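S.K.: Below you will find the structure I want to go over with you.
Numbering (my numbering), first residue to last: 67 to 294.
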């Protein structure tokens, strides 16, 4: 093989791989659009927004698990039970999620546990209302137990499901410590994107039913459900 033939062969091979890469990238992006379309169609048949939220949690979790099983190079998460820096961040929920959590509380909490939760929620809502920027507050979620574990883990909000980390020290630095670079915690892109589309699907489903489609702060939304 002479010099020119070698150059041509290498160039053609790289061009072929480049085209395949572009096709895969396009199909990868289309995967999320397809997820959204399928979920939105499914939610049309939900009996109410709580049913829609439960369906969304189930379908989104299955999608995330499938990505983790079928895509190479998935990271090892540092997240574990009792690890709760992210549970000190402001959380917003789309329509239906607060209703699901409230039903879980009513079915699994004792009367005393429920009363204590309502008291914590009232304190959290008051603190948020007193702040010009509640998103910047670092107060523990009212749904944490004394060990820092989520008491409604099975029905936790979509944003909580989306948040992951490969470094607990980084989480602690960003949430509680000195963070001079102003950066955040790197997220798993596919996981985060799937739960983002799931959130959009619930918002759109609510709007299609003539209901408010915007997200609400978790504490406020849950307190409304439990006190209503």
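Yeah, the Cβ is synthetic: ideal placement off N, Cα and C, and Gly gets one too.
Note that this is a predicted model, so its numbers are computed, not measured.
#1: What are the residues that DSSP puts in a beta bridge with residue 76?
#2: Strictly by DSSP, which residues pair up with residue 145?
#3: Hey, residue 166 and residue 130 are a contact pair by Cβ (cut 8 Å); roughly how many whole angstroms apart?
#4: Kindly list the residues whose CB is nearer than 7 Å to the CB of residue 291, restricted to its own chain and excluding five residues on each side of it in sequence; keep chain order.
#5: From which residue to which residue does the alpha helix (DSSP H) around residue 259 run?
#6: How big is the Cα-Cα spacing for residue 272 and residue 278?
#7: Could you check where the alpha helix (DSSP H) with residue 198 kicks off and where it finishes?
#8: If you draw a straight line from the alpha carbon of residue 68 to that of residue 80, how long is it in whole angstroms?
#9: Verify whether the separation of the beta carbon atoms of residue 126 and residue 105 is less than 9 Å.
#10: For my contact list, residue 261 and residue 231 are in at a C-beta cut-off of 8 Å; report their separation, rounded to the angstrom.
#11: Following the continuous alpha helix (DSSP H) through residue 166, name the residue where it begins and the one where it ends.
#12: Is the stretch 207 to 216 in contact with the stretch 144 to 157, if contact means three or more CB pairs nearer than 8 Å?
#13: Determine contact between the stretch 282 to 291 and the stretch 188 to 203, defined as no fewer than three beta-carbon pairs at a distance below 8 Å.
#14: Who are the Cβ neighbours of residue 173 in its own chain at under 6 Å, not counting the five residues just before and after it?
#15: When the Cα atoms are used, what is the spatial distance from residue 217 to residue 184?
#16: Ordered along the chain, which non-local residues of its own chain (more than five positions away) have a Cβ less than 8 Å from that of residue 112?
#17: Quick one: grab the DSSP three-state call for residue 125.
#18: With H, G and I counted as helix, E and B as strand and the rest as coil, what does DSSP make of residue 243?
#19: Relative to the C-alpha of residue 254, which candidate in 177, 134 and 203 has its C-alpha closest?
M.R.: For this structure:
#1: Under DSSP, no beta-bridge partner is assigned to residue 76.
#2: Answer by DSSP bridge pairing: none, since residue 145 is not bridged.
#3: About 18 Å separates the Cβ atoms of residue 166 and residue 130, ruling out a contact at the 8 Å cut-off.
#4: 164, 165 and 168
#5: Membership of residue 259 in the alpha helix (DSSP H) is indicated by the continuous run 255 to 274.
#6: 6 Å
#7: Note, residue 198: premise wrong, no alpha helix (DSSP H); not H, not E.
#8: 19 Å
#9: yes
#10: Going by Cβ atoms, the distance from residue 261 to residue 231 rounds to 15 Å, so no, they are not a contact pair.
#11: 163 to 174
#12: yes
#13: yes
#14: none
#15: Their backbone Cα atoms lie some 14 Å apart in a straight line.
#16: 118, 121 and 271
#17: helix
#18: coil
#19: 134
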